[in-house]
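Student: Here's a structure for you.
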Amino acid sequence: DSGVTQTPKHLITATGQRVTLRCSPRSGDLSVYWYQQSLDQGLQFLIQYYNGEERAKGNILERFSAQQFPDLHSELNLSSLELGDSALYFCASSPGGGFIDEQYFGPGTRLTVT
Amino acid sequence: AQSVTQPDIHITVSEGASLELRCNYSYGATPYLFWYVQSPGQGLQLLLKYFSGDTLVQGIKGFEAEFKRSQSSFNLRKPSVHWSDAAEYFCAVGFNAGGTSYGKLTFGQGTILTVHP
Chain F
940 DSGVTQTPKH LITATGQRVT LRCSPRSGDL SVYWYQQSLD QGLQFLIQYY NGEERAKGNI
1000 LERFSAQQFP DLHSELNLSS LELGDSALYF CASSPGGGFI DEQYFGPGTR LTVT
Chain D
45 AQSVTQPDIH ITVSEGASLE LRCNYSYGAT PYLFWYVQSP GQGLQLLLKY FSGDTLVQGI
105 KGFEAEFKRS QSSFNLRKPS VHWSDAAEYF CAVGFNAGGT SYGKLTFGQG TILTVHP
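Line by line, the protein sequences give chains F and D.
In terms of the working numbering, the first sequence has 986 at position 47, counting the first letter as 1, and numbering is strictly consecutive.
In terms of the working numbering, the second sequence has 122 at position 78, counting the first letter as 1, and numbering is strictly consecutive.
Here it is, written out as structure tokens:
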């Protein structure tokens, strides 16, 4: 158990819908990262937040947005969902904001868009 | 463009045999290098990392990796594989962005390891 929790574990929804994925980092970690893992694209970095501020951005679609709240939990919002958005979405956390700190991964949220 | 390549999609070894998983990166400077393991239905777990110094790094579960600058490689090795090592292994690279401390990792496509008894 990494100490990172993600809810829900599974999510099935229809095209065009909007969903919110939630992540609670390990106690004391200030950074939260979101990754998408799919068969087509592999494991891709989406976005990083550090202490409430966006720190780094990857291949995140405009239909996707994220935020980190004052209690440091984070939410990833996916809207206008398409079939290709079906994937496993991982959240990770680390104490600081750089590479020096190990990233601890949650178990993931599996999103299925039908 | 910066990239990470794991040439082997799937590797099968017998229990007790040695293992080497390959990882190559494309980048103009020395990146930050990582190996992660993902067991079925689980998140990723860090095995080891290289930032600087000794090019042979030791990790958890008996794994080690060697950074070879001349070959732009960071191959993962284990002298004797156990059945519990069956999993998917990801090489990841952090590319320094001009002094700012970021955590963005670029992952390879992964190598699935199957261990035969």
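Yeah, the Cβ is synthetic: ideal placement off N, Cα and C, and Gly gets one too.
Because the structure is a prediction, the values reported are computed rather than measured.
1. Buried or exposed: which applies to Gly87(D), given that a residue is buried once 16 or more other Cβ atoms fall within 10 Å of its Cβ?
2. Per DSSP, Ala1005(F) is paired with what?
3. Indicate the three-state DSSP secondary structure (helix, strand or coil) for Arg965(F) in the structure shown.
4. Whose CA, out of Phe107(D), Lys112(D) and Asn119(D), lies closest to the CA of His126(D)?
5. Can you list the residues of chain F that Tyr71(D) reaches, using a CB-CB cut of under 9 Å?
6. Quick one, are the C-beta atoms of Ala1031(F) and Gln1042(F) less than 9 Å apart?
7. Can you find at least 3 beta carbon pairs, one from the stretch 955–965 of chain F and one from the stretch 51–58 of chain D, that sit closer than 8 Å?
8. Which word fits Gly1045(F), buried or exposed, when buried means at least 16 other C-beta atoms lie within 10 angstroms of its C-beta?
9. What residues of chain D sit near Gly997(F), judged by a beta carbon separation below 8 Å?
10. By a C-beta neighbour count over all protein chains shown, 10 Å radius and 16 as the cutoff for buried, is Ala953(F) buried or exposed?
11. Tell me, please, whether the CB atom of Leu982(F) is closer than 9 Å to any CB atom in chain D?
12. In the DSSP assignment, the beta strand (DSSP E) including Gln987(F) goes from what residue to what residue?
13. Mind checking the stretch 50–83 of chain D against chain F and listing, in chain order, the residues whose C-beta falls within less than 7 Å of any C-beta there?
14. Could you spell out where the beta strand (DSSP E) holding Phe974(F) opens and where it closes?
15. What is the residue span of the beta strand (DSSP E) that Glu992(F) lies within?
16. So, are the CB atoms of Ser128(D) and Ser62(D) less than 9 Å apart?
17. In whole angstroms, what separates the C-alpha of Thr158(D) from that of Pro1009(F)?
Tutor: Based on what the coordinates show:
1. Here residue 87(D) refers to the residue found at position 43 of the second sequence. Per the 10 Å Cβ criterion, buried.
2. Taking the first residue of the first sequence as position 1, residue 1005(F) is located at position 66. For Ala1005(F), which the question treats as bridged, DSSP gives the partners Leu1015(F).
3. The residue given as residue 965(F) occupies position 26 in the first sequence. In the structure shown, Arg965(F) sits in coil (DSSP, three-state: anything other than H, G, I, E or B).
4. Counting from 1 along the second sequence, the entry for residue 126(D) is found at position 82. Ranking the options by Cα distance to His126(D), first place goes to Phe107(D).
5. For the purposes of this step, residue 71(D) is taken as the residue at position 27 of the second sequence. Those within 9 Å of Tyr71(D) in chain F number zero; the least Cβ separation is about 13 Å.
6. By one-based count along the first sequence, residue 1031(F) stands at place 92. By one-based count along the first sequence, residue 1042(F) stands at place 103. It is a contact, given that the beta carbons lie within the stated cut-off.
7. No, the stretch 955–965 of chain F is not in contact with the stretch 51–58 of chain D.
8. The sequence position of residue 1045(F) within the first sequence is 106, counting from 1. Here Gly1045(F) is buried: its Cβ has 16 or more other Cβ atoms, across all protein chains shown, within 10 Å.
9. In the first sequence, residue 997(F) corresponds to position 58, counting from 1. Against chain D, a Cβ distance below 8 Å from Gly997(F) picks out Lys148.
10. Translated into the one-based positions of the first sequence, residue 953(F) becomes position 14. Label assigned to Ala953(F): exposed.
11. By one-based count along the first sequence, residue 982(F) stands at place 43. By this cut-off, Leu982(F) is an interface position.
12. Locating residue 987(F) in the first sequence gives position 48, where the first residue counts as 1. For Gln987(F), the enclosing beta strand (DSSP E) covers residues Gly981 to Tyr989.
13. So the list reads Tyr76, given in the order they occur along the chain.
14. Reading the first sequence from its first residue, position 35 is the one you call residue 974(F). At residue 974(F) the sequence reads Tyr, which differs from the Phe that was named. Where Tyr974(F) is concerned, the enclosing beta strand (DSSP E) stretches over Ser970 to Ser977.
15. By one-based count along the first sequence, residue 992(F) stands at place 53. Glu992 to Lys996 is the extent of the beta strand (DSSP E) around Glu992(F).
16. Looking up residue 128(D) in the second sequence gives position 84. Looking up residue 62(D) in the second sequence gives position 18. The answer is no: Cβ separation not under 9 Å.
17. Within the second sequence, residue 158(D) is the residue found at index 114, counting from 1. Within the first sequence, residue 1009(F) is the residue found at index 70, counting from 1. Distance from the CA atom of Thr158(D) to the CA atom of Pro1009(F), rounded to whole angstroms, is 43 Å.
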